[in-house]
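The opening position of the sequence shown corresponds to residue 1 in the working numbering, with each subsequent residue numbered one higher. Cβ atoms here follow ideal geometry from the backbone N, Cα and C, with glycine treated the same way.
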Amino acid sequence: MVDRNKIEATLKVKEECKYEYVRYKPIQMNMEDKRDMQMIIKEHINLGLIEPGVSAYSSPGFLDHIKHLEIFSDACHKEGLVLSEKKATIAVNKIEFLGILIDETGIELQEHIVEKIRNFPDVLKDKKHLQSFLGVVNFAGIFIKDLAKYRKDFRPLLKETESSKWKWEEIHTQRVRELKQVCSNLPKLAIPQDEDELVVYTDANDYRWAAVLMKKTTTGEEPCRYTGGLFSEQQAQVWHINEKEFFAVWKAFKKWPLFLLAKEFTLKVDNTNVKAFLKK
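So this is what it looks like as structure tokens:
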């Protein structure tokens, strides 16, 4: 367990911080266990969740942070949660974590990830090379609006077998260049707070679905997260557009449960049948 005395010693050194974070990394847990751990912490302490997959929480000020750390430590002892002191980052106003830069104004992708994407050639030599490129791009997926639109043309190449011929075409080169351009100009995403009014937009067409989580501000709305994906060939061929629209709504709720559960929010869809069903 984290030594509380060492935590307090660390806090006293960094009293100049205006905005503080506590980060923890669950050890040897699957996604379901991690979600349970996050829900346990949320039951004990009202912290601002930065990113569910990152397990980072914020406090509005330094004195609040000290209080929250006390509650956090007690909650861990009560629930039997084991933390790694070496992997804890406490009382700082900025965190670089798993390729993401987090501060009080939001989250953004670190430049070395963007540079890695830009360093890929425009023409990829084989299936593994393409998978490597898309793997890095997917890492940036929460920042990219309608990522599936760019991925669609790569789907046939990802089905290539060792015996089939690699058929790279101009459209694939164009998509790589477009993704490089998009990733070079990614937005900084806002961090939803408990008091924020949230809006979820979803949409779907014949072959893909997309969703965005927004927070209302005094001047309009700010993006918090993007998500989306391609329908399988069977789904694309068999499902009615209403089913695809419902699927987009379901995927959005499944993607952001810790932001949306037990909280009122606005859902905006452009499908009249979905609207009518949800109003029942």
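Item	Value
Close Cβ partners of glycine 106 (< 7 Å) along its chain, the five nearest in sequence each way excluded	Lys188, Leu189, Ala190, Ile191
Coarse secondary structure for isoleucine 144, derived from DSSP in three states	coil
Alpha carbon of lysine 25 to alpha carbon of alanine 276, nearest angstrom	With a pLDDT of 45 at lysine 25, under the threshold of 50, the predicted position of this residue should be treated as unreliable, and no value is reported.
Buried or exposed by the 16-neighbour rule on C-beta atoms within 10 Å, applied to histidine 68	buried
Given alanine 210 as reference, the closest of Trp166, Leu260, Leu83, Phe143 once Cα atoms are compared	Phe143
Closest by C-alpha distance to valine 238, when choosing among Tyr207, Trp256, Leu260	Tyr207
Option in Thr227, Phe133, Leu109 with minimal Cα separation from phenylalanine 154	Phe133
Identity of the residues DSSP links to phenylalanine 97 by a beta bridge	Ile100
For lysine 127, the three-state DSSP class (helix, strand or coil)	helix
Those runs of the beta strand (DSSP E) which lie wholly inside the stretch 220–254 and span at least 3 residues	220–230
Beta-carbon contacts of arginine 175 that lie in its chain and below 6 Å, excluding the five residues immediately before and after	Tyr150, Asp153
Top-ranked residue by Cα proximity to leucine 230, from Thr217, Ile171, Lys244, Glu222	Lys244
Spatial neighbours of valine 182 in its chain, beta-carbon cut-off 7 Å, leaving aside the 5 residues before and after	Ile144
For aspartate 203, three-class secondary structure by DSSP	strand
Isoleucine 71 (DSSP reduced to helix, strand or coil)	helix
Whole-angstrom C-beta distance between threonine 202 and alanine 252, which should lie under 8 Å	5 Å
Cβ-based neighbour list, lysine 128, same chain, cut-off 6 Å, excluding 5 preceding and 5 following	none
Proline 223 to tryptophan 256 span [Cα, whole Å]	13 Å
Three CB pairs or more closer than 8 Å across the stretch 109–121 and the stretch 75–87	no
Test item: CB-CB of tryptophan 130 and valine 200 under 7 Å	The sequence given here places leucine at residue 130; tryptophan does not occur at that position. It is not a contact, given that the beta carbons lie outside the stated cut-off.
Pair within 7 Å by beta-carbon distance, tryptophan 166 and aspartate 126	yes
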